[in-house]
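First residue of the sequence shown: 152, per this note's numbering; consecutive thereafter.
Just so you know, even glycine gets a beta-carbon here, dropped at the ideal spot from N, CA and C.
Keep in mind it's a predicted model, so treat the numbers as computed, not measured.
Reading through the structure tokens given below for one structure.
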Amino acid sequence: MLDRLDHALRSRPERPAVLTATRTGAARVRATRGELAELSDAFAAALHARGLRAGDTVGVAVRPGPRALAVLLALWRLGLRGAVLDPGAGPDVLRARLSLARPSLVLADAAAQAVAGWARPLARRAGLALPDLAELGPVATVGPRLPGCAPALDLAAPRAGVPVHGDDDGDGDAVIVFTSGTTSRPRAVVHTRSSLAAGMASVASLFDAAPDQPVLGGTFFVLVPSLTCGAPVALPARDPRVLARQLHRLRPQDTYLTPPGLRDALDAGARFHGRVWTGSAPADAALLERVRGAGAARAWGVYALTELFPAAAVEAREKSAFEGPGDLVGTPLPGVLAETDAEGQLLLAGAAARHRYLGEEPDPWVRTGDRARLDGAGRIVLEGRCKDMVLRRAENIYPGLYEPALHVPGVELAVLVGVPAGDGDEQLVAVVQPGRGVDEPALRSALSGPLHRMGAARPDALLFARIPLSGRSRKPDRAATSAMAAQRLGPTA
């Protein structure tokens with residue numbers, strides 16, 4: 152699909168590609184289709200001129216938008232492997248993750264470099280943190296270069312002789328997305344060119360966007376299929392009130408927002424048009440019906456994982472009619488195989504499934520960590536999570552990544568647990584058991600640094616308490632700790 156997108160951008164270069172919104176919600180053209188194609192050509196030539204060749208890894212710390220999409224197209228063209236550097240993961244975790252895949256070059260915009268440098272204190276308040284990018288590899292600036300930024304990519308590099316990595320060059324790695332694991336042994340999802348293309352094709356079959364009618368959404372899996380079909384894509388406004396005005400004026404044929412984004416938009420009085428899609432976090436029937444009540448022709452919940460996207464989808468009416476126990480997420484999409492193992496864990500396979508985890512052998516089956524059953528119609532019904540994971544505002548947070556940082560001097564035991572916060576969301580709570588005689592105010596001060604470095608995984612609350620233990624090995628009882636935290640925090644949890 153990325154090959155088709157490249158061709159589609161050049162066939163109608165004058166048409167708008169990426170839109171943003173003014174404070175009044177009016178659409179503003181951020182980039183035309185021709186400008187996207189031109190920028191991707193310039194990036195490809197610059198990367199080739201720096202000596203990067205097919206199979207090399209490039210770290211990417213660029214905000215979603217035209218530049219990030221042009222970088223993706225350039226990496227695809229050259230057969231390079233992109234490693235997504237998430238500033239919400241925290242610097243300690245990123246360092247550990249990138250030890251598995253050392254980048255030959257890190258592409259970063261000025262904002263990412265500010266987060267890693269002079270703006271670090273401000274960025275921490277927003278849950279963003281990056282290590283010094285120069286620790287990870289050579290750095291080049293993408294977009295406007297501010298004082299203190301690394302040298303910019305040479306966008307005037309000669310374009311003659313820049314190769315095009317085609318299908319007959321083999322199915323190499325396309326992207327690395329770091330997800331779970333521990334700081335000492337991080338896990339990284341590796342998608343190949345074929346699995347990435349299959350995932351985007353599956354999204355395209357769901358959206359089926361019509362040319363020249365706008366789509367609203369900010370992820371690559373909205374941008375690429377929509378632009379390939381000839382539809383301009385509007386990036387959602389961050390302010391819910393502006394987003395409500397943007398939806399009113401744009402009237403998109405398709406809208407993709409996470410469940411927290413939908414709730415914020417609805418609370419701001421947003422009205423919808425066309426089809427609305429949501430995923431990345433639980434979306435119950437009540438939320439989907441609220442969206443339909445706010446004007447959407449249809450409202451869909453999409454079940455997707457980093458390892459396989461999308462896997463299933465369910466429309467609001469079908470979900471509302473479901474009366475059995477569990478959470479109906481829909482029928483597996485064409486090409487997706489679903490079954491459960493002996494413990495009831497949902498297993499998925501298909502052309503869009505990740506090839507492997509970095510450093511591990513390929514495995515066709517994705518172990519989702521979700522308990523599930525398949526009903527008589529073959530639909531997937533989730534029954535809870537097997538794996539130790541907290542889901543907060545559409546972000547998967549794996550406690551094992553961050554708990555070691557809580558064990559500062561004076562701490563006997565520390566865990567991160569989720570506490571239900573309504574609508575399928577959770578609060579993240581750090582429960583710390585001080586050593587005997589340790590001064591709690593001093594310990595709170597000692598923990599402030601590690602907590603700041605957690606980025607988007609920074610807990611909503613810090614509690615000092617004795618942590619319940621269970622089992623023969625006397626491991627922390629997370630369920631009991633969560634219940635205790637909920638009781639301590641009271642009705643606001």
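Alpha carbon to alpha carbon, how far is residue j from residue i? Give it in angstroms, no decimals.
i, j, result
"PHE194", "ALA581", "43 angstroms"
"ARG587", "LEU564", "12 angstroms"
"GLU458", "ALA607", "21 angstroms"
"ARG143", "PRO550", "Here the chain covers residues 152 to 644 and nothing more, so residue 143 does not appear."
"ALA434", "ALA472", "15 angstroms"
"LEU456", "SER431", "8 angstroms"
"LEU198", "HIS342", "21 angstroms"
"GLN404", "ALA421", "15 angstroms"
"VAL211", "GLY527", "44 angstroms"
"VAL372", "SER599", "It is worth fixing the name first, because residue 372 is Phe in this sequence and not Val. Those two C-alpha atoms are separated by around 37 angstroms."
"VAL532", "ALA489", "11 angstroms"
"TYR407", "ALA467", "15 angstroms"
"ASP363", "PRO383", "6 angstroms"
"LEU613", "SER621", "22 angstroms"
"VAL180", "LEU187", "12 angstroms"
"PHE615", "ASP628", "16 angstroms"
"LEU236", "ARG524", "35 angstroms"
"GLN584", "LEU498", "37 angstroms"
"PHE682", "ALA631", "Limits of the chain in this structure are 152 at one end and 644 at the other, which puts residue 682 out of reach."
"PRO461", "ILE618", "38 angstroms"
What residue does the beta strand (DSSP E) around residue i start on, and which one ends it?
i, result
"PHE358", "It is not in any beta strand (DSSP E) - PHE358 instead sits in the alpha helix (DSSP H) that spans 344-358."
"LEU542", "541-543"
"GLY233", "232-235"
"ASP405", "405-407"
"PHE194", "Not the beta strand (DSSP E): PHE194 falls in the alpha helix (DSSP H), residues 184-200."
"VAL393", "Segment 391-401 is the alpha helix (DSSP H) holding VAL393; no beta strand (DSSP E) there."
"ALA612", "612-615"
For residue i, which three-state DSSP category applies?
i, result
"LEU439", "helix"
"ASP324", "strand"
"ARG155", "helix"
"ARG587", "coil"
"LEU367", "strand"
"GLY606", "helix"
"ASP478", "strand"
"LEU251", "coil"
"GLU546", "strand"
"ARG536", "strand"
"ARG530", "coil"
Please work out which residues of its chain come closer than 6 angstroms, Cβ to Cβ, to residue i, disregarding the five sequence neighbours upstream and downstream, and give them in chain order.
i, result
"ALA464", "TRP451, VAL453, GLY481"
"CYS300", "ALA261, GLN264, THR292"
"GLY486", "GLY501, ALA502"
"ALA385", "LEU170, PRO365, LEU367, LEU401"
"ALA556", "PRO601"
"PRO289", "LEU256"
"ASP207", "LEU231, SER255"
"PRO391", "ASP415, ALA416, ALA419"
Over what stretch of residues does the alpha helix (DSSP H) that includes residue i continue unbroken?
i, result
"GLY520", "Unbroken run through GLY520 is the beta strand (DSSP E), 517-525; no alpha helix (DSSP H)."
"TRP227", "217-229"
"PRO167", "No alpha helix (DSSP H) holds PRO167; the beta strand (DSSP E) holding it covers 167-172."
"LEU484", "Careful: LEU484 lies outside any alpha helix (DSSP H) and carries neither H nor E."
"ALA472", "467-472"
"VAL209", "From DSSP, VAL209 is part of no alpha helix (DSSP H) but of the beta strand (DSSP E) over 208-212."
"ARG426", "Run containing ARG426: none in the alpha helix (DSSP H); it sits in the beta strand (DSSP E), 426-429."
Return the chain-ordered list of same chain residues with a C-beta closer than 7 angstroms to the C-beta of residue i, the five sequence neighbours on each side being excluded.
i, result
"LEU413", "THR429, LEU438, VAL442"
"VAL513", "Per the sequence shown, the amino acid found at residue 513 is Pro instead of Val. Taken in chain order, the residues that qualify are HIS506, ARG507."
"ARG296", "ALA261, ALA303"
"ARG310", "ASP192, ALA196"
"ALA267", "LEU281, PRO282, ASP283, LEU284"
"ALA177", "ARG400"
"LEU229", "ALA195, LEU198, HIS199, LEU203, ALA205, PRO314, HIS316"
"ASP305", "ALA197, ALA200"
"ALA252", "THR208, ALA234, ILE327, ALA339, LEU509"
"VAL570", "GLU577, GLN578, VAL580, SER633, ALA636, ALA637, LEU640, ALA644"
Would you list the one or two residues that DSSP bridges to residue i?
i, result
"LYS626", "SER621"
"GLN496", "ARG522"
"PRO571", "GLU577"
"LEU564", "GLN584"
"PHE329", "ALA339"
"PHE460", "Its beta-bridge partners do not exist; DSSP assigns none."
"THR491", "LEU497"
"ARG507", "VAL341"
"VAL678", "No information on residue 678 is available, as it lies outside the stretch 152 to 644 that the chain covers here."
"THR292", "ALA259, ALA303"
"GLY452", "THR429, VAL465"
"ARG179", "THR171"
Residues in the same chain with beta-carbon distance under 8 angstroms from residue i, minus the five sequence neighbours each way, listed in chain order, please.
i, result
"GLY575", "PRO410, ALA432, PRO433, ALA434, ASP435, LEU542"
"LEU156", "LEU224, VAL375, LEU378, THR379"
Kindly examine the ligand COA and report whether one of its heavy atoms sits closer than 6 angstroms to the Cβ of residue i.
i, result
"ASP363", "The ligand COA is not part of the structure shown, which contains no ligands of any sort."
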